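There are 2 protein chains.
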Amino acid sequence: MPHAAAATPQLLRRVNAQAVLRHLRGADAATGTELMALTGLTRASVIAVCEDLIGRGWIVELDQPRADPANPRKGRPARRFAFNREAGFVLGLDIGAATTTAAVADLRGTVVGRSSESFRAADIPAQERVGVIDLVCRQALEAAGKDPRNVLAVGAGIAAPVDRDGNVLVTQRFWSLFDVGLRSVLKELHGWTVLLENDANLAALGERWRGSGAGVDDLVVLLAGERLGAGVMESGRLLHGRGGAAGEMGYLDMVEGVGSSDGIAALARQWSAAGGGPSAGGPASAPRVFEDAAAGDAAALAILDRMSERMARVIASIASLINPEQVVIGGAVAESAGALLPGITARLPRFTATPPRVTVSPLGDKIVTVGAIRHALDFVEDNALELELAG
Amino acid sequence: MPHAAAATPQLLRRVNAQAVLRHLRGADAATGTELMALTGLTRASVIAVCEDLIGRGWIVELDQPRADPANPRKGRPARRFAFNREAGFVLGLDIGAATTTAAVADLRGTVVGRSSESFRAADIPAQERVGVIDLVCRQALEAAGKDPRNVLAVGAGIAAPVDRDGNVLVTQRFWSLFDVGLRSVLKELHGWTVLLENDANLAALGERWRGSGAGVDDLVVLLAGERLGAGVMESGRLLHGRGGAAGEMGYLDMVEGVGSSDGIAALARQWSAAGGGPSAGGPASAPRVFEDAAAGDAAALAILDRMSERMARVIASIASLINPEQVVIGGAVAESAGALLPGITARLPRFTATPPRVTVSPLGDKIVTVGAIRHALDFVEDNALELELAG
DNA sequence: GATAATTTAGATACAAGCTAAATATATTGC
DNA sequence: GCAATATATTTAGCTTGTATCTAAATTATC
Numbered sequence: 001m002p003h004a005a006a007a008t009p010q011l012l013r014r015v016n017a018q019a020v021l022r023h024l025r026g027a028d029a030a031t032g033t034e035l036m037a038l039t040g041l042t043r044a045s046v047i048a049v050c051e052d053l054i055g056r057g058w059i060v061e062l063d064q065p066r067a068d069p070a071n072p073r074k075g076r077p078a079r080r081f082a083f084n085r086e087a088g089f090v091l092g093l094d095i096g097a098a099t100t101t102a103a104v105a106d107l108r109g110t111v112v113g114r115s116s117e118s119f120r121a122a123d124i125p126a127q128e129r130v131g132v133i134d135l136v137c138r139q140a141l142e143a144a145g146k147d148p149r150n151v152l153a154v155g156a157g158i159a160a161p162v163d164r165d166g167n168v169l170v171t172q173r174f175w176s177l178f179d180v181g182l183r184s185v186l187k188e189l190h191g192w193t194v195l196l197e198n199d200a201n202l203a204a205l206g207e208r209w210r211g212s213g214a215g216v217d218d219l220v221v222l223l224a225g226e227r228l229g230a231g232v233m234e235s236g237r238l239l240h241g242r243g244g245a246a247g248e249m250g251y252l253d254m255v256e257g258v259g260s261s262d263g264i265a266a267l268a269r270q271w272s273a274a275g276g277g278p279s280a281g282g283p284a285s286a287p288r289v290f291e292d293a294a295a296g297d298a299a300a301l302a303i304l305d306r307m308s309e310r311m312a313r314v315i316a317s318i319a320s321l322i323n324p325e326q327v328v329i330g331g332a333v334a335e336s337a338g339a340l341l342p343g344i345t346a347r348l349p350r351f352t353a354t355p356p357r358v359t360v361s362p363l364g365d366k367i368v369t370v371g372a373i374r375h376a377l378d379f380v381e382d383n384a385l386e387l388e389l390a391g
Numbered sequence: 392m393p394h395a396a397a398a399t400p401q402l403l404r405r406v407n408a409q410a411v412l413r414h415l416r417g418a419d420a421a422t423g424t425e426l427m428a429l430t431g432l433t434r435a436s437v438i439a440v441c442e443d444l445i446g447r448g449w450i451v452e453l454d455q456p457r458a459d460p461a462n463p464r465k466g467r468p469a470r471r472f473a474f475n476r477e478a479g480f481v482l483g484l485d486i487g488a489a490t491t492t493a494a495v496a497d498l499r500g501t502v503v504g505r506s507s508e509s510f511r512a513a514d515i516p517a518q519e520r521v522g523v524i525d526l527v528c529r530q531a532l533e534a535a536g537k538d539p540r541n542v543l544a545v546g547a548g549i550a551a552p553v554d555r556d557g558n559v560l561v562t563q564r565f566w567s568l569f570d571v572g573l574r575s576v577l578k579e580l581h582g583w584t585v586l587l588e589n590d591a592n593l594a595a596l597g598e599r600w601r602g603s604g605a606g607v608d609d610l611v612v613l614l615a616g617e618r619l620g621a622g623v624m625e626s627g628r629l630l631h632g633r634g635g636a637a638g639e640m641g642y643l644d645m646v647e648g649v650g651s652s653d654g655i656a657a658l659a660r661q662w663s664a665a666g667g668g669p670s671a672g673g674p675a676s677a678p679r680v681f682e683d684a685a686a687g688d689a690a691a692l693a694i695l696d697r698m699s700e701r702m703a704r705v706i707a708s709i710a711s712l713i714n715p716e717q718v719v720i721g722g723a724v725a726e727s728a729g730a731l732l733p734g735i736t737a738r739l740p741r742f743t744a745t746p747p748r749v750t751v752s753p754l755g756d757k758i759v760t761v762g763a764i765r766h767a768l769d770f771v772e773d774n775a776l777e778l779e780l781a782g
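In structure tokens:
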């Protein structure tokens, strides 16, 4: 097998075009001279690259701005090039056990449409599940006023291990049932490329992009709710492990029960069963615990204390194995989890020599869709010059 | 800053030369036609690349082999090119607390010289330490009959966290003292490029190269002795984390004391203190425990059982966070640790949904030097076209 | 309002590296 | 010795780049 494809002269154009495109994605606009300085290419090459990218639809040439007396520009006016953020769109999906949400975003990641639907029941057949997902996608596109043919990639997060090739680990769960469908069905119906990923991994991508881990290369995001999953980024790359189960801490019950496939909600139920709290008798839920603790309820405070201890132990074991710079707590409980931070931070040095910074996600329930959009954009950016844009 | 250097036509030659070189490193020899098939280049380009590499000293052209009547070759005889494994050499260092070992290897990794020295005492000044290390390097080169000027890189393993840039984490230990010296001193004395790494990380490189994890991309190596450290490879890459402390499990004592900076030897001492075993009264040591267990001693067997349990828990927590395909046990106790494998393997499914294969290292006390050689070779291979070979 | 200075655009010449096709060379087999 | 075969070498041409020169469009100055 040709281990490395031959490097033909066309490779140069691809490399240089990618460099120009990368810069234009981050900037409002750029002149030829700016691009020369940035890439080190000569003007002739820069112009050739830009004409090329205009022809492919990825960038546009802006009209000359009228003269600005406040900031007069000497010399011949420069041609100005800008990234075409509407060259296409991506979909970000959060496929939960009960609900699916879809978000449409342009190529700069600005969300322009959104839709959400709940499944009729937990045990509906795979076909119906895929049908609902497809519906949510079409609704989101309609809300955005975009044509399905302009979708360049679909990022999709599910609560199950997914390996590097996008295959679902089938050792457990019913997920395998409808996964196999999703990729081929959406490919067949719309021609879309679906990029399946674990939801905690997408949360990590989202948090690094637009959350509290912005720009952090060694980042772990804990997606805590009924289930405890971690998305791990090391040196800016997502960790998957052999079967995609990296960060799947469901079994990690050795650590005094933390993350024994229950998490915070289970603690709340224990507490509720014990009859504690001002709002005792109502349904046990994580938010209620935080509420009651804020009201000064002793039992609720004790639970928060115990949770801090458990969280600190979990984070410490992550710190020992991965040594992240920062750990972000996200998911259903994130809003209220701020109350846990002091307790966690104070305990960490007892359990690890390299305690990470611990923060709470600001992304709320959008954490997975934001990450899914980022995942899709990463694919589009990596493959821009191979993708054909629809007129 | 020029985020990406401009891609000039010379880049093509570099890429293609690297591809040819990569193949020749793995093969005995290759003809132009073979290289054409492999790279997809035309004959003219392949020959040009080879002439180039010959000029730089990386490959040689072989003489025509005399005709072999048993295997007659039609047509004009092909020119045959081969990797020049003696174009340079690398050093692999294992810098321990008490002893330093150096191995000299050619560019295919065959060890051609070796040397070892113990430090006079544990608390000698940094300068003396570096002096001993330099001595060991020179002795190893002399044993191999090689000139120091032909050393292209030095891989060095130490028992401390080292980040991606080769800097030692200075939060603890005396290591910081003599690290700072090593790189600059060897650079100054011999012009060598020293690549510092954590010893467990190098063990992982070594095990994947020439140990029981050959070819496994998601691999963890436990370096167990007085201290418990893990070298983690995910998708073929070493994990470092923010400060290089990934895999530093010294603090991971939450898991029922496993790896609480003591490991197996501590267990042996506990056992010895209790007066157990046929050889009770002698110095407590890990090998003795295995010896006595093999002799049927009940107390020793109980210790092995407890060790299996602890090891299983440690490996399970690694499996939950990293999901490796395989975990290799290496270090001082590796020889005898085979006895633990059945106990560990049997317990794993209780603690993790994704149990890895568990094996014992066959590399013995060479595990770190082998990895250090691989680390140095990786550097040389990545930078071959930038390195200047000494005549 | 003409002219100079400045900045960018565009054109021309040429170099590096690759492909493709034609021609030359060395070996085996009859 | 001659055909067949596989490889080597040469020549022309393509793509992409650099370097350099000239042209164009704007501002500043007299």
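Protein chains in written order, with the working numbering: chain A, 1 to 391; chain V, 392 to 782. Ideal placement from N, C-alpha and C gives every residue a C-beta, glycine not left out. The model shown is predicted, which means the values in this text are computed figures rather than measured ones.
Here's the rule I'm using: 16 or more other beta-carbon atoms within 10 Å means buried, otherwise exposed. How should V:Arg633 be labelled? Taking the first residue of the second sequence as position 1, residue 633 of chain V is located at position 242. Per the 10 Å Cβ criterion, buried.
Neighbour flag for A:Ser235 against chain V, beta carbons, 8 Å: Stepping through the first sequence from its first residue, residue 235 of chain A is reached at position 235. With 8 Å as the cut-off, A:Ser235 counts as an interface residue toward chain V.
Do A:Ile367 and A:Gly330 have their C-beta atoms closer together than 8 Å? For this step, residue 367 of chain A is matched to residue 367 along the first sequence. For this step, residue 330 of chain A is matched to residue 330 along the first sequence. Yes, they are a contact pair.
Pick out whichever of V:Gly622, V:Leu610, V:Asp773 has its Cα sitting closest to the Cα of V:Asp554. Within the second sequence, numbered from 1, the residue matching residue 554 of chain V stands at position 163. Per the Cα distances, V:Gly622.
Quick check on V:Ile515: buried or exposed, where buried means 16 or more other Cβ atoms within 10 Å of its Cβ? For this step, residue 515 of chain V is matched to residue 124 along the second sequence. An exposed status is given to V:Ile515, since fewer than 16 other beta-carbon atoms sit within 10 Å of its beta-carbon.
Mark V:Asn589 as exposed unless 16 or more other C-beta atoms lie within 10 angstroms of its C-beta, in which case mark it buried. As a working note, residue 589 of chain V is residue 198 in the second sequence. It counts as buried.
Kindly indicate if chain V contains any beta-carbon less than 8 Å away from that of A:Gln106. The residue labelled residue 106 of chain A in the question sits at position 106 within the first sequence. What sits at residue 106 of chain A in the sequence shown is Asp, not Gln. Not an interface residue.
Collapsed DSSP secondary structure at A:Gln127 in the structure displayed: Taking the first sequence and counting its residues from 1, the one referred to as residue 127 of chain A is at position 127. If DSSP states are grouped into helix, strand and coil, A:Gln127 belongs with the helices.
In chain A, which residues lie with their C-beta within 8 Å of the C-beta of V:Pro400? The residue given as residue 400 of chain V occupies position 9 in the second sequence. Pro9, Leu12, listed in chain order.
Taking the alpha carbon of A:Pro65 as the reference point, which residue from A:Ala78, A:Gly92, A:Asp147, A:Trp58 has its own alpha carbon closest? Counting from one through the first sequence, the residue named residue 65 of chain A turns up at place 65. Across the set A:Ala78, A:Gly92, A:Asp147, A:Trp58, the C-alpha of A:Ala78 shows the shortest separation from the C-alpha of A:Pro65.
The beta strand (DSSP E) that contains A:Asn198, what's its start and end? For the purposes of this step, residue 198 of chain A is identified with residue 198 of the first sequence, where counting begins at 1. Residues 194 to 198.
Is the region 363 to 382 of chain A in contact with the region 95 to 114 of chain A, if contact means three or more CB pairs nearer than 8 Å? These segments touch.
Could you pull out every unbroken beta strand (DSSP E) segment of at least 3 residues lying fully inside the region 475 to 525 of chain V, listed in chain order? 480 to 486, 490 to 497, 502 to 509
Just to confirm, are V:Gly446 and A:Leu321 a CB contact at a threshold of 8 Å? Locating residue 446 of chain V in the second sequence gives position 55, counting from the first residue. Locating residue 321 of chain A in the first sequence gives position 321, counting from the first residue. No, the Cβ-Cβ distance between V:Gly446 and A:Leu321 is not below 8 Å.
Give me the DSSP bridge partner(s) of V:Ile549. Taking the first residue of the second sequence as position 1, residue 549 of chain V is located at position 158. V:Ile549 is bridged to V:Ile486, V:Asn589.
Cβ neighbours of V:Lys537 in the same chain (closer than 8 Å, five flanking residues each side left out): As a working note, residue 537 of chain V is residue 146 in the second sequence. Excluding positions up to five away in sequence, the list reads Phe480, Val495, Val503, Gly504.
Given that V:Glu777 touches chain A, what residues does it touch there, using C-beta distances under 8 Å? As a first step, residue 777 of chain V must be located in the second sequence, where it is residue number 386. Residues of chain A passing the Cβ test: none, with the nearest at roughly 17 Å.
Would A:Ser336 count as contacting chain V if we go by Cβ distances under 8 Å? Numbered from its first residue, the first sequence carries residue 336 of chain A at position 336. No, A:Ser336 does not count as interfacial toward chain V.
In three-state DSSP terms, what is V:Gly667? For the purposes of this step, residue 667 of chain V is identified with residue 276 of the second sequence, where counting begins at 1. Confidence at V:Gly667 is low in this model, with a pLDDT of 49, below 50, so its placement is unreliable and no value can be given for it.
Report the partner residues of V:Val612 according to the DSSP bridge assignment. On the second sequence, position 221 is the one that residue 612 of chain V refers to. Looking at the DSSP assignment, V:Val612 forms a beta bridge with V:Gly622, V:Val719.
For V:Gly668, does the count of other Cβ atoms within 10 angstroms reach 16, so buried, or fall short, so exposed? The residue you call residue 668 of chain V lines up with position 277 of the second sequence. For V:Gly668, the pLDDT reaches just 45, beneath the cut-off of 50, and the residue's location in the model is therefore unreliable, although a value from the coordinates is still provided. Result: buried.
So, do the region 611 to 620 of chain V and the region 216 to 228 of chain A have three or more beta carbon pairs nearer to each other than 8 Å? no
Helix, strand or coil at V:Pro674 according to DSSP, with G and I counted as helix: For the purposes of this step, residue 674 of chain V is taken as the residue at position 283 of the second sequence. Low confidence applies here, because V:Pro674 scores a pLDDT of 49, under 50, leaving its location unreliable; read the following figure in that light. If DSSP states are grouped into helix, strand and coil, V:Pro674 belongs with coil.
So what's A:Arg82 in DSSP terms, helix, strand or just coil? Position 82 of the first sequence, counting from 1, holds the residue named residue 82 of chain A. The displayed chain sequence assigns Ala, not Arg, to residue 82 of chain A. Residue state, collapsed to three classes: strand.
Could you check the C-alpha separation between V:Leu577 and V:Asp525 for me, to the nearest Å? In the second sequence, counting from the first residue as 1, residue 577 of chain V sits at position 186. In the second sequence, counting from the first residue as 1, residue 525 of chain V sits at position 134. If I take the Cα positions, the gap works out to 7 Å.
Counting only the same chain and skipping the five closest in sequence on each side, list residues whose C-beta sits under 8 Å from that of V:Ala489. On the second sequence, position 98 is the one that residue 489 of chain V refers to. Excluding positions up to five away in sequence, the list reads Ser509, Phe510, Ala513.
Can you check whether the CB of V:Leu484 is closer than 8 Å to the CB of V:Gly582? One-based indexing of the second sequence puts residue 582 of chain V at position 191. One-based indexing of the second sequence puts residue 484 of chain V at position 93. Going by beta carbons, V:Gly582 and V:Leu484 fall outside the 8 Å limit.
DSSP three-state assignment for V:Arg704, whether helix, strand or coil: Reading the second sequence from its first residue, position 313 is the one you call residue 704 of chain V. Reduced to three states, the DSSP call for V:Arg704 is helix.
Taking 8 Å as the cut-off, does the region 404 to 418 of chain V touch the region 461 to 475 of chain V (at least 3 CB pairs, one atom from each stretch)? yes
So with Cβ pairs under 8 Å, would you call A:Ser184 a contact of chain V? In the first sequence, the residue the question calls residue 184 of chain A occupies position 184. The beta carbon of A:Ser184 does not come within 8 Å of any beta carbon belonging to chain V, so the residue lies off that interface.
Check whether the region 375 to 385 of chain A touches the region 336 to 353 of chain A, counting contact only when three or more Cβ pairs, one atom from each stretch, lie closer than 8 Å. Contact annotation: the region 375 to 385 of chain A does not touch the region 336 to 353 of chain A, with fewer than three C-beta pairs closer than 8 Å.
Using a beta-carbon distance below 8 Å, is A:Ser317 in contact with chain V? Numbered from its first residue, the first sequence carries residue 317 of chain A at position 317. Judged by the 8 Å Cβ criterion, A:Ser317 is in contact with chain V.
Is the CB of A:Ala246 under 8 Å away from at least one CB in chain V? Position 246 of the first sequence, counting from 1, holds the residue named residue 246 of chain A. Judged by the 8 Å Cβ criterion, A:Ala246 is in contact with chain V.
Check whether the Cβ of A:Leu196 lies closer than 8 Å to any Cβ atom in chain V. For this step, residue 196 of chain A is matched to residue 196 along the first sequence. Residue-level contact check: A:Leu196 does not touch chain V, since none of the beta carbons of chain V fall below 8 Å from its beta carbon.
DSSP-derived helix/strand/coil call for A:Val60: Position 60 of the first sequence, counting from 1, holds the residue named residue 60 of chain A. If DSSP states are grouped into helix, strand and coil, A:Val60 belongs with the strands.
Quick check: what's the CA-CA separation for A:Ala200 versus A:Val151? Start at 1 with the first residue of the first sequence, and residue 200 of chain A comes out as number 200. Start at 1 with the first residue of the first sequence, and residue 151 of chain A comes out as number 151. Those two C-alpha atoms are separated by around 24 Å.
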